[in-house]
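Protein chains: 2
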Amino acid sequence: MPRHGTMIPDTGAGRRRLMVGVKMSANPPDAGFFAAYTVKELAQGLRDGTFTAAELVREALASIDRLNPVLNAFVLVDREGAARAAAQADADFKAGTDRGPMQGIPVAVKDNIDTAGLVTTVGSAHFKTHVPKEDAECVRLLKEAGAIVIGKTLTHEFAYGPTADRSLQGAAKNPWDPSRMSGGSSGGSAVAVASGMVPLALGTDTGGSVRIPAALCGLTGFKPSYAAISASGVFPLSTTLDHVGILARSAEDAAALFPLLRDPAPQPKHKKARTSTLLTGWIPTGSFGASDTAVVTEVRQFAEALFGQAMRDVAQVAALTEVFASAIAAIQSAEAYEVHAERVAAHPELFDPEVLERLQSAGMVKGWEYVRALKQRKQLQATLAVFFERFDLLAMPTIGIVAPPLQERTLTLEGQEAPVARTLLTMTRPWNVVGLPAITIPAGQVDGLPVGLQLIAPMGWDAWLLDVAATLQARDLA
Amino acid sequence: MPRHGTMIPDTGAGRRRLMVGVKMSANPPDAGFFAAYTVKELAQGLRDGTFTAAELVREALASIDRLNPVLNAFVLVDREGAARAAAQADADFKAGTDRGPMQGIPVAVKDNIDTAGLVTTVGSAHFKTHVPKEDAECVRLLKEAGAIVIGKTLTHEFAYGPTADRSLQGAAKNPWDPSRMSGGSSGGSAVAVASGMVPLALGTDTGGSVRIPAALCGLTGFKPSYAAISASGVFPLSTTLDHVGILARSAEDAAALFPLLRDPAPQPKHKKARTSTLLTGWIPTGSFGASDTAVVTEVRQFAEALFGQAMRDVAQVAALTEVFASAIAAIQSAEAYEVHAERVAAHPELFDPEVLERLQSAGMVKGWEYVRALKQRKQLQATLAVFFERFDLLAMPTIGIVAPPLQERTLTLEGQEAPVARTLLTMTRPWNVVGLPAITIPAGQVDGLPVGLQLIAPMGWDAWLLDVAATLQARDLA
Numbered sequence: 001m002p003r004h005g006t007m008i009p010d011t012g013a014g015r016r017r018l019m020v021g022v023k024m025s026a027n028p029p030d031a032g033f034f035a036a037y038t039v040k041e042l043a044q045g046l047r048d049g050t051f052t053a054a055e056l057v058r059e060a061l062a063s064i065d066r067l068n069p070v071l072n073a074f075v076l077v078d079r080e081g082a083a084r085a086a087a088q089a090d091a092d093f094k095a096g097t098d099r100g101p102m103q104g105i106p107v108a109v110k111d112n113i114d115t116a117g118l119v120t121t122v123g124s125a126h127f128k129t130h131v132p133k134e135d136a137e138c139v140r141l142l143k144e145a146g147a148i149v150i151g152k153t154l155t156h157e158f159a160y161g162p163t164a165d166r167s168l169q170g171a172a173k174n175p176w177d178p179s180r181m182s183g184g185s186s187g188g189s190a191v192a193v194a195s196g197m198v199p200l201a202l203g204t205d206t207g208g209s210v211r212i213p214a215a216l217c218g219l220t221g222f223k224p225s226y227a228a229i230s231a232s233g234v235f236p237l238s239t240t241l242d243h244v245g246i247l248a249r250s251a252e253d254a255a256a257l258f259p260l261l262r263d264p265a266p267q268p269k270h271k272k273a274r275t276s277t278l279l280t281g282w283i284p285t286g287s288f289g290a291s292d293t294a295v296v297t298e299v300r301q302f303a304e305a306l307f308g309q310a311m312r313d314v315a316q317v318a319a320l321t322e323v324f325a326s327a328i329a330a331i332q333s334a335e336a337y338e339v340h341a342e343r344v345a346a347h348p349e350l351f352d353p354e355v356l357e358r359l360q361s362a363g364m365v366k367g368w369e370y371v372r373a374l375k376q377r378k379q380l381q382a383t384l385a386v387f388f389e390r391f392d393l394l395a396m397p398t399i400g401i402v403a404p405p406l407q408e409r410t411l412t413l414e415g416q417e418a419p420v421a422r423t424l425l426t427m428t429r430p431w432n433v434v435g436l437p438a439i440t441i442p443a444g445q446v447d448g449l450p451v452g453l454q455l456i457a458p459m460g461w462d463a464w465l466l467d468v469a470a471t472l473q474a475r476d477l478a
Numbered sequence: 479m480p481r482h483g484t485m486i487p488d489t490g491a492g493r494r495r496l497m498v499g500v501k502m503s504a505n506p507p508d509a510g511f512f513a514a515y516t517v518k519e520l521a522q523g524l525r526d527g528t529f530t531a532a533e534l535v536r537e538a539l540a541s542i543d544r545l546n547p548v549l550n551a552f553v554l555v556d557r558e559g560a561a562r563a564a565a566q567a568d569a570d571f572k573a574g575t576d577r578g579p580m581q582g583i584p585v586a587v588k589d590n591i592d593t594a595g596l597v598t599t600v601g602s603a604h605f606k607t608h609v610p611k612e613d614a615e616c617v618r619l620l621k622e623a624g625a626i627v628i629g630k631t632l633t634h635e636f637a638y639g640p641t642a643d644r645s646l647q648g649a650a651k652n653p654w655d656p657s658r659m660s661g662g663s664s665g666g667s668a669v670a671v672a673s674g675m676v677p678l679a680l681g682t683d684t685g686g687s688v689r690i691p692a693a694l695c696g697l698t699g700f701k702p703s704y705a706a707i708s709a710s711g712v713f714p715l716s717t718t719l720d721h722v723g724i725l726a727r728s729a730e731d732a733a734a735l736f737p738l739l740r741d742p743a744p745q746p747k748h749k750k751a752r753t754s755t756l757l758t759g760w761i762p763t764g765s766f767g768a769s770d771t772a773v774v775t776e777v778r779q780f781a782e783a784l785f786g787q788a789m790r791d792v793a794q795v796a797a798l799t800e801v802f803a804s805a806i807a808a809i810q811s812a813e814a815y816e817v818h819a820e821r822v823a824a825h826p827e828l829f830d831p832e833v834l835e836r837l838q839s840a841g842m843v844k845g846w847e848y849v850r851a852l853k854q855r856k857q858l859q860a861t862l863a864v865f866f867e868r869f870d871l872l873a874m875p876t877i878g879i880v881a882p883p884l885q886e887r888t889l890t891l892e893g894q895e896a897p898v899a900r901t902l903l904t905m906t907r908p909w910n911v912v913g914l915p916a917i918t919i920p921a922g923q924v925d926g927l928p929v930g931l932q933l934i935a936p937m938g939w940d941a942w943l944l945d946v947a948a949t950l951q952a953r954d955l956a
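These protein sequence lines map, in sequence, to chains A and B.
With the first letter of the first sequence counted as 1, position 112 gets the number 112 in the working numbering; the numbers rise by one all the way through.
With the first letter of the second sequence counted as 1, position 104 gets the number 582 in the working numbering; the numbers rise by one all the way through.
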C-alpha cells in the first residue's frame, strides 16, 4: 500500500506473474553478490552484525573482478577510497553513529558525474585524464549519507547515445547476453547493478539514459522530476533535459536512496486531487514508431495484470508524439552543441565518429526552432497537467524492443527498417521534455531478455511514484 | 529629493543648463496643445474645472489634425471612442468618482499593442485589417484608470527596426526636423508626445524602441524592468527582450502613469545597500562603435553637471560591449524569426523588403548560439549585480548621434562608415538583454537636435529610477 493513501486495486498480479514463470527480481545468469539482497537487507545486516561495510566492499570488488572483464561496467574501481570509506562506516557503526539506510552501502557512479580526485572521463578522449577537484552535489550527498563510492561506470561518450557501446572505454555488455548492448547512456551503471556487482548506482537521464539500460538489463530505473536531484557537477549533455537518476534492483531500493539525494530547494509540484483508487492511463504505442509486437504485448499484459479495470487507454497523449519528438530534438541538439562547440572546432579527431556526426548535425538546428521547441514544451506541460487531473499515472512500455546486439544500428520491425537509437528513445524521451518523474520496472521477458513497464507521475510526485512502484513490486514478489 | 532616501548631490545643474541655454522641456517648433502642460497640471485642471476631459480630447484631435499630416505619428485616430471615454471621465468627475491621475488624460498607444475593436496593424500589410477582440493588459489598465485612448501610433514594421521609417503607413517624422527620422520602433508614440498631440504614450522597447525615439525627439522615455509591465496582448518581437514602456515629456509625467500599469505579480528586485549619496557610474562609449563626438561630449557634460564628483568612469561595463552585442543579436534573431517563420514562408511579399531581409538573416542563427546567448545573459546579469553593489546608477548617452535623415542607412562617423541601425541601438540594447530599468532624459541639443542621457538602475528599482530622474529634471527646470 502506498503510504500516501491511494488504493491500488488488487488484480491478482502475483498469480499472473507465477503463471508466466518470470520473477520481477529475476537475475541474469552468474550474477554477483548483491543480486541476492535488497538494500533493506544489507542495511539490516550491517546493523545486526551479519556484514561489515568492509566485507560488502570486498564482495563488490570480488564480483567486479570476476564479472567486469566480460561486462565492462566499471571504467575505474577505487579500491583504496572504497576501503577507506568502508572503514569509516564500520567505525561509525561501532561508535553508534548512524547516518541512515545508505551507511556502508557500496554504490557505483556514472563516469559523467564528478568525483573529487577520481578521473572522470565522460567516456571521452577529451577528458581521458581529467580529475575533478570537487564532488558533484549528488556524490557529496551520497558520501554524506555514508555510502561507499566503489568506482565509476561506463557512459556512452558524453552521454550522447542510448546504446552505451561507443566510448573511450568501449562498450558495456548486457549481463543477460554479453553479445548484446546494455542500453545507455548509463550502461555501466545498469550492468553493475543488474550483474550484482553493487546494489545501487547513479546514472543520468537526458532522453532515457537511466530508464533505457535499466529496462534492457531487467532493473528498476528512476528518473525523478526535473531538478529534484541537483545536476551540479554533472557534465552537461542538455541542461534543460538532464536529470540525475537511480538504477536499482527494485523501487524499494531506489526509494532508500532518493530522499538522501533530493534537492532541498522548493520544487514545482502538481497540485492534483488524489483519486480514491489508482487510475492509470495506458498510452498506445502505435504513434511512437515501429516496435517488436511481442514486447509491447508482454508489457501491456503485465500492466493489465497490475492495474486491471483501473487502466484506460489515453490515445490523446499518443497523439502528441510528433510534438514531443520535434521538441526534444531541437532542445537537445542546440543545448548539446553549445556545450561542445569549441571542442568540435579544435579537436574533432578526439570524438567517436558517430558522436561527432551526431554533434555536427545537432549544431545545424536553428535558433528559432529551439525557441519554438521551448514553446511546445510549455504547451505539452500544460496538456499533461490536464491529463493528470483525471489520471494518477500514465503507463507505457519503456522500450518497444529487447536489447539489440552490440553496435547494431538498424533493426527490422513490423516489416520495415528502424533505427536502433530512435527506437530505444522514443518512449522515454517525452518525459524528459516535460520533466515529469518516470520509472521503469521489470515487466517480464521476451526471448529470455528483460522488458520494462514505464510509469509516469505528475510533477513533483517522486516519492509517491517510488512508493506505488514498490507496492506493485512487493505484491508481485509475495 | 527622491522619496526613497538617497541624496542627490547638488552640483548646480540648473545654472549650467541656463548657461547653455537649453531647457530640458524644450519643445520643437509649432508644437501642439499638450506641449504646454505637465500631467500634474492637466490632472489638476480636470479637477478644478480649468478643463473637461472632452476639451482635452478636442485639443488632442485639433493638434493631430493640424500636425499629423506632416508628422505621421498616428496611424489611426479613434474620435468616437475617445469622445465616449471623455464623456465617461467627465461624468465620473461630476459624480465624484476619481480613479486617480490618469482619469480624463488622453494617451496614444503604439500600433503593436492590442486595442479591442480598433485595427492593430503592427505596421505590417499582414495585419492591415486585423481587429483584436481584447485589449492588451496595459491598455486594459490604462482604461481602468480612466485614461482616454486617442488612437494608435506608427510602429516600424513589426517593431523590427530602430528608424520607424519602414511600415505599412510609411515613416514617422521628427518634429524637430521632419526631414529626419523620429527613431523607432515606437516612432509614432514619440512624435505624438514631442509634438504636443498627447501628453503620454505607450511604446514597446526590445532593443531601445522606446528610448531611441524619445532621445531623438527630446523626450523622456522609460523602459521598466523586464516584465514590470505585462506584455500580454503586445505583438511579440522577441519575447525575452520585449518591454512595454512610456514616452513622456518628463519623468514626473511618466511616474504618474507607471504605477497604474505595473504588474501586480511579485517581480525580481535587486537587494542592494542604498548609498547615502547617489553614486553614478559613467560608461565610456568607446567600445560601442563610432559616435558623433559632439553628441557624446554634450551628454557627458550634462551628466557631469548633474552628478559632479559623484560620478566615476566604469570601464569594466564598457568592456562587456561585445558580449552584450552578440547575446542580443542571437536572442532577438532566434525569437523574432520564430514569431514569423510561417509568414516568411507563406507570404514574403507582404513584408517590407528591409524587414524581410533582416528576418531571413535572423532565421539563420543557430540554436546553440541562442543557448550560448542565454548563458551569457545570466553572466552579464550577475556581473551587473556586482556593479550595483557599488553604484546606484549607471549613465551613458542614450544614442551617440542626433536624428539622421529619413531612410539614411549609413553615416560617416569618426572618419568611417557606420550603419545607422547599429549606431542607434548600441547603447540601449544592453539593458534589454539584462532586463534592467533604463530611462532616457533630454540632455541638451547638438545642431538644434535633441540628445539624451540614459540612466540605468538595479533590477526592480523602477519607481526609484523615475523618482531620481524627476528630481534631476525638477532641479533643472527650477
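For each residue, glycine too, the CB sits at the ideal point set by N, CA and C.
On a predicted model such as this, the values are computed, not experimentally measured, just so you know.
Distance from isoleucine 626 (chain B) to alanine 563 (chain B) at the Cβ level is roughly 4 Å; contact confirmed, criterion being Cβ atoms closer than 8 Å.
Ranked by Cα distance from proline 691 (chain B), the options B:Ala916, B:Leu784, B:Gly662, B:Ala948 are led by B:Gly662. In the DSSP assignment, glutamate 369 (chain A) falls within the alpha helix (DSSP H) that extends over 367 to 390. Under the criterion of beta carbons closer than 8 Å, leucine 453 (chain A) and phenylalanine 302 (chain A) qualify as touching, at roughly 6 Å. When DSSP states are grouped into helix, strand and coil, glycine 245 (chain A) belongs to the strand group. The C-alpha of isoleucine 105 (chain A) lies about 39 Å from the C-alpha of alanine 341 (chain A). Counting only unbroken stretches of 3 or more residues, the beta strand (DSSP E) elements lying wholly within the region 305 to 364 of chain A are 311 to 313, in sequence order.
Setting aside the 5 residues that flank it on each side, alanine 54 (chain A) is surrounded in the same chain by Ala83, Ala86, Ala87, Asp90, each with a C-beta closer than 8 Å to its C-beta; the list follows chain order. Per DSSP, reduced to three states, the secondary structure at glycine 665 (chain B) is helical. Across the region 856 to 876 of chain B, no CB contact with chain A closer than 7 Å is found for any residue.
Between tyrosine 848 (chain B) and chain A, the shortest Cβ-Cβ separation is below 7 Å.
At least one CB of chain A lies nearer than 7 Å to the CB of valine 843 (chain B). Bounds of the alpha helix (DSSP H) holding valine 548 (chain B) are 531 to 549. Using a Cβ-Cβ cut-off of 9 Å, serine 333 (chain A) is close to Gly845, Trp846 of chain B, given in chain order. Bridge partners of aspartate 683 (chain B) according to DSSP: B:His721. Counting along the chain, glutamate 134 (chain A) sits inside no beta strand (DSSP E), nor does DSSP assign it H or E at all. Minimum Cα-Cα distance from alanine 227 (chain A) among the listed residues A:Lys269, A:Arg358, A:Thr155 corresponds to A:Lys269.
For the options A:Ser124, A:Leu67, A:Pro69, A:Pro175, the alpha carbon positioned closest to that of valine 344 (chain A) is the one of A:Ser124. Going by DSSP, lysine 40 (chain A) is part of the alpha helix (DSSP H) stretching over 39 to 48. If the five residues before and after leucine 356 (chain A) are omitted, its C-beta is found closer than 8 Å to the C-beta atoms of Val344, Pro348, all from its own chain and listed in chain order. Per the Cβ contact rule, the region 396 to 407 of chain A is in contact with the region 208 to 224 of chain A (3 or more Cβ pairs under 8 Å). With the rule of 3 Cβ pairs closer than 8 Å, the region 351 to 369 of chain A counts as touching the region 142 to 162 of chain A. In the structure shown, the three-state DSSP call for serine 195 (chain A) is coil.
Listed along chain B are Trp846, Val849, Arg850, each with a C-beta nearer than 7 Å to that of glutamate 338 (chain A). In this structure, the straight-line span from the alpha carbon of proline 744 (chain B) to that of alanine 327 (chain A) is close to 30 Å. With respect to chain A, the C-beta atom of alanine 824 (chain B) has no partner C-beta closer than 7 Å. Under the Cβ criterion (8 Å, minimum of three pairs), the region 917 to 929 of chain B counts as touching the region 772 to 792 of chain B. Put simply, of A:Leu306, A:Leu374, A:Val339 the residue whose alpha carbon is nearest the alpha carbon of valine 817 (chain B) is A:Leu374.
Using a Cβ-Cβ cut-off of 7 Å, alanine 819 (chain B) counts as an interface residue toward chain A, since at least one Cβ of chain A sits closer than that to its own. In the DSSP assignment, proline 397 (chain A) falls within the unbroken beta strand (DSSP E) covering 393 to 397. Under the DSSP assignment, tryptophan 939 (chain B) falls outside any beta strand (DSSP E); it carries neither an H nor an E label.
In this structure, the CA atom of lysine 152 (chain A) is about 39 Å from the CA atom of phenylalanine 391 (chain A). Pairing glycine 203 (chain A) with leucine 247 (chain A) gives a Cβ-Cβ distance under 7 Å.
In the structure shown, aspartate 568 (chain B) falls within a helical segment according to DSSP collapsed to helix, strand and coil. Rounded to the nearest whole angstrom, the C-alpha separation of serine 710 (chain B) and aspartate 655 (chain B) is 35 Å. Residues of the region 789 to 805 of chain B that bring their beta carbon within less than 8 Å of a beta carbon in chain A are absent altogether.
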